[in-house]
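Reading through the structure tokens given below for one structure.
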Amino acid sequence: MGYEDVESELRRHPKVSQCAVTKIRTGHRKDTLVAYVVTTGRVHPSEIKAFLSGARVRPSRVPQSVIPVDSLPRTREGAVDRDGLPLPVVPARSRGTKGPSDEPVSVAFPALTLVFGVAAFVLTDRFWPGSTDLSLVPQPWAGLFTGLYVAESLAFGLGIAVLFLGRERLSDPHRPGLTTAAHLSVVWLLAAWWPQDNFYRLAAKNDWATQAVLVYGFNVSLMIAAAIVVLFVTRE
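Heads up, the sequence shown is in the working numbering, so the first residue is 482 and it goes up one at a time.
Shown next, in the form of structure tokens:
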């Protein structure tokens, strides 16, 4: 899909004489929408972005970066040579490399995961007495189920870490509502297993009211969360 509609709106700006809008690869599996503009006077890139945001352009098609250039490269036929456009200066985080502010977060993620994961594992019997009782389960099955309980607890811990530290890494100024929904969905997809499985293990199989609450409270909500993540990943 081209960006002729965005370029058409850009040319409506009184100080934009020429423009080209294209996607630039700025990281692993990440593209950034960039507008190159030739202006007839001094104008700040933020003014041009604000102009586009107020125009009839979908938020997802508003360029994330606006780069003023003296002229646009042209092919022999006179068309804009998009391959010859200068690459923008991309922040370290956008390139997929670590910046100075990433180091504390990189340490905090596993630390929070471990702290909350261990806390969840230790407190399981207090919240759900008997839920993880394996005294009647023979080996090696008891060991395998213990591994499940550890995995659930660590997933819960990782979910809490994502809750506190993950929002910035999903930041998308063009889709704030969907970004927040995707962030909380990832949290729920990770954190829900610990309470879900413990509630299920203690619920009577013929207690239909409890089973229905659990199905909709966990199973259905997890499906919705997964659908939101898919929408966030696939929607432009």
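Glycine included, each C-beta is placed from N, C-alpha and C at the ideal position.
Taking the Cβ atom as the reference point for each residue, do residue i and residue j lie within a distance shorter than 8 Å?
i      : j      : result
Ser666 : Ala706 : yes
Glu668 : Leu703 : Reading off the sequence, residue 668 comes out as Val, not Glu. Against a cut-off of 8 Å, the Cβ pair of Leu703 and Val668 comes out as no contact.
Leu593 : Ala663 : no
Trp689 : Ala601 : no
Val518 : Pro554 : no
Can you look up residue i in the DSSP assignment and give me helix, strand or coil?
i      : result
Ser546 : strand
Tyr697 : helix
Lys504 : strand
Asp512 : strand
Arg555 : strand
Val518 : strand
Val618 : coil
Note down the Cα distance separating residue i from residue j, rounded to an integer number of angstroms.
i      : j      : result
Val618 : Phe590 : 35 Å
Gly577 : Ser489 : Per-residue confidence for Gly577 stands at a pLDDT of 45, beneath the threshold of 50, marking its modelled position as unreliable; the derived number appears in the next sentence. When rounded, the distance between both Cα atoms is 32 Å.
Asp733 : Leu491 : Nothing can be reported for residue 733, as the shown portion of the chain is limited to 482 through 717.
Pro540 : Leu566 : 24 Å
Ala516 : Arg648 : 26 Å
Asp562 : Tyr484 : 15 Å
Val603 : Ser534 : 51 Å
Ser552 : Gln499 : 8 Å
Gly628 : Pro621 : 11 Å
Ala708 : Ala560 : 41 Å
Val543 : Leu646 : 27 Å
Pro657 : Gly624 : 44 Å
Quick one: residues in its chain with C-beta nearer than 7 Å to the C-beta of residue i, no 5 flanking neighbours on either side, listed in chain order?
i      : result
Asp678 : Glu633
Keeping to the same chain, check which residues put their C-beta closer than 6 Å to that of residue i; ignore five residues upstream and five downstream.
i      : result
Leu726 : Residue 726 lies beyond the stretch modelled for the chain, which goes from 482 to 717, so this question has no answer here.
Tyr557 : The residue you asked about is not Tyr; residue 557 is Arg in the sequence shown. Result list for Arg557: empty, nothing under 6 Å.
Lys504 : Asp512 and Leu514
Output yes if chain B places a C-beta closer than 8 Å to the C-beta of residue i; else output no.
i      : result
Arg557 : In the displayed structure, chain B is absent; only one protein chain is listed.
| task | Please confirm if the segment 603-611 is in contact with the segment 679-693, defined as three or more CB-CB distances below 8 Å between the two stretches. | result | yes
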